[in-house]
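In the order they appear, the protein sequences are chains A and B. Each residue of the first sequence is one higher than the last, beginning at 562 in my numbering. Each residue of the second sequence is one higher than the last, beginning at 9 in my numbering. Just so you know, even glycine gets a beta-carbon here, dropped at the ideal spot from N, CA and C. Everything numeric in this text was worked out from a predicted model, so none of it was measured.
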Amino acid sequence: EAGVVQSPRYKIIEKKQPVAFWCNPISGHNTLYWYRQNLGQGPELLIRYENEEAVDDSQLPKDRFSAERLKGVDSTLKIQPAELGDSAVYLCASSLDFGQPRGHNEQFFGPGTRLTVL
Amino acid sequence: AQSVAQPEDQVNVAEGNPLTVKCTYSVSGNPYLFWYVQYPNRGLQFLLKYITGDNLVKGSYGFEAEFNKSQTSFHLKKPSALVSDSALYFCAVRDIYNAGNNRKLIWGLGTSLAVNP
Chain A
562 EAGVVQSPRY KIIEKKQPVA FWCNPISGHN TLYWYRQNLG QGPELLIRYE
612 NEEAVDDSQL PKDRFSAERL KGVDSTLKIQ PAELGDSAVY LCASSLDFGQ
662 PRGHNEQFFG PGTRLTVL
Chain B
9 AQSVAQPEDQ VNVAEGNPLT VKCTYSVSGN PYLFWYVQYP NRGLQFLLKY
59 ITGDNLVKGS YGFEAEFNKS QTSFHLKKPS ALVSDSALYF CAVRDIYNAG
109 NNRKLIWGLG TSLAVNP
C-alpha cells in the first residue's frame with residue numbers, strides 16, 4: 562500500500578514569491594492534515610479536512626495561506642506571498658476516522674516538503 | 009485546556025540498556041495517547057497508542073508504553089536500546105469527548121534520544 566505522497570520534497574524561493582505544496586493521502590483515508598514543523602519542535606496543525614470540508618483551520622494564517630481538497634482526496638497548500646518566517650517543513654498526514662468518539666486512529670505522515678525562503 | 013509535556017529535551021542511554029522517554033498529559037476527560045518517532049530527515053512514524061483496555065501497550069520496534077491515569081503519564085519504554093533507536097520522539101494526546109476544534113491532537117515538543125554504542 563502506498564503511503565502519503567508529498568511533492569516537492571524541497572523548495573527554495575525568494576520572499577514575496579508564491580509556493581504550493583501537494584499531498585496525496587493514503588487511499589480511503591477521509592481525514593487529511595497539514596502541519597508545519599520548525600526545527601527541533603513538534604508539528605503545528607495548520608488545517609484539518611474531513612473529506613472535502615475544512616473542519617479546523619483556526620491556526621492557518623489566512624492572509625497568506627490557503628488550502629483546498631476539492632474532491633476529498635488530494636490537497637494543495639499555498640502560500641502567497643511567502644515570508645522569511647515561513648521557512649519550515651510542511652507535513653501532510655492522513656487518517657481514517659470513523660465511529661464515535663472519533664480520533665482514535667493514528668495519523669500517517671508523508672515525508673514533508675522542506676521550504677526555504679531567502 | 010489540553011496539554012502534553014515531555015520534560016526531557018534529550019535522553020542519552022548506552023546500547024543494550026533500558027530506555028525511558030517521559031510524557032505527561034492534561035485533559036479534562038479521558039485521553040487518547042500516541043507516540044510517534046521521527047528519524048533524521050524523515051517523516052513522522054506512528055509507534056503505538058493507548059485508546060482503552062490494558063494499560064501496557066506494545067508497539068513497533070520493541071517499544072511499549074504504560075498508561076498511568078493517576079499520574080497522568082504515558083512513558084515510552086524499551087528493555088534494550090539499539091543505536092538505530094536514536095531519533096526524535098513525540099508524545100501526543102487528544103481528549104476523546106471534545107468535539108470540533110478541541111478534538112485536535114496536541115503534540116509535545118519532542119525528546120531527542122541518543123543511543124551510544
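9 Å Cβ cut-off: residues of chain B touching residue i
i	result
glycine 589 of chain A	Simply none; closest approach about 17 Å.
glutamate 582 of chain A	Just to set this straight, residue 582 of chain A is phenylalanine in the shown sequence, not glutamate. Ordered by position in chain B, no residue passes the 9 Å Cβ test against phenylalanine 582 of chain A, which lies about 14 Å from the chain.
proline 672 of chain A	Asn49, Arg50, Gly51
Beta bridge counterpart(s) of residue i as assigned by DSSP
i	result
alanine 654 of chain A	A:Tyr594, A:Phe670
leucine 96 of chain B	B:Gln46, B:Ser120
proline 39 of chain B	B:Asp103
serine 34 of chain B	B:Ser11
histidine 83 of chain B	B:Glu74
arginine 675 of chain A	A:Tyr571, A:Val650
arginine 609 of chain A	A:Tyr594, A:Asp617
serine 627 of chain A	A:Lys639
asparagine 20 of chain B	B:Ala122
alanine 581 of chain A	A:Lys639
proline 59 of chain B	Looking at the sequence provided, one finds isoleucine at residue 59 of chain B rather than proline. BP columns for isoleucine 59 of chain B are empty, so no partner.
leucine 27 of chain B	B:Lys86
lysine 66 of chain B	B:Glu72
Three-way DSSP call (helix, strand, coil) for residue i in this model
i	result
threonine 645 of chain A	A small correction: the amino acid at residue 645 of chain A is leucine; threonine does not occupy that position in the sequence shown. Looking at leucine 645 of chain A - three-state DSSP - the assignment turns out to be helix.
serine 588 of chain A	coil
serine 636 of chain A	strand
valine 91 of chain B	helix
Interface partners of residue i on chain A, CB under 9 Å
i	result
serine 117 of chain B	Note that residue 117 of chain B is leucine in the sequence shown, not serine. Simply Gly601, Gln602, Gly603.
Residue-level contact to chain A via CB, residue i, 8 Å cutoff
i	result
phenylalanine 71 of chain B	no
lysine 30 of chain B	no
lysine 57 of chain B	yes
Under 8 Å from the C-beta of residue i: neighbouring residues of chain B
i	result
phenylalanine 669 of chain A	Phe54
arginine 609 of chain A	Lys112
leucine 652 of chain A	Gly51, Leu52
leucine 606 of chain A	Lys112, Leu113
Within chain A, partners of residue i - CB distance below 7 Å
i	result
phenylalanine 98 of chain B	Gly603
Min CB distance residue i to chain B below 8 Å
i	result
aspartate 635 of chain A	no
aspartate 617 of chain A	yes
8 Å Cβ cut-off: residues of chain A touching residue i
i	result
lysine 85 of chain B	Result: empty, since nearest Cβ-Cβ is about 19 Å, beyond 8 Å.
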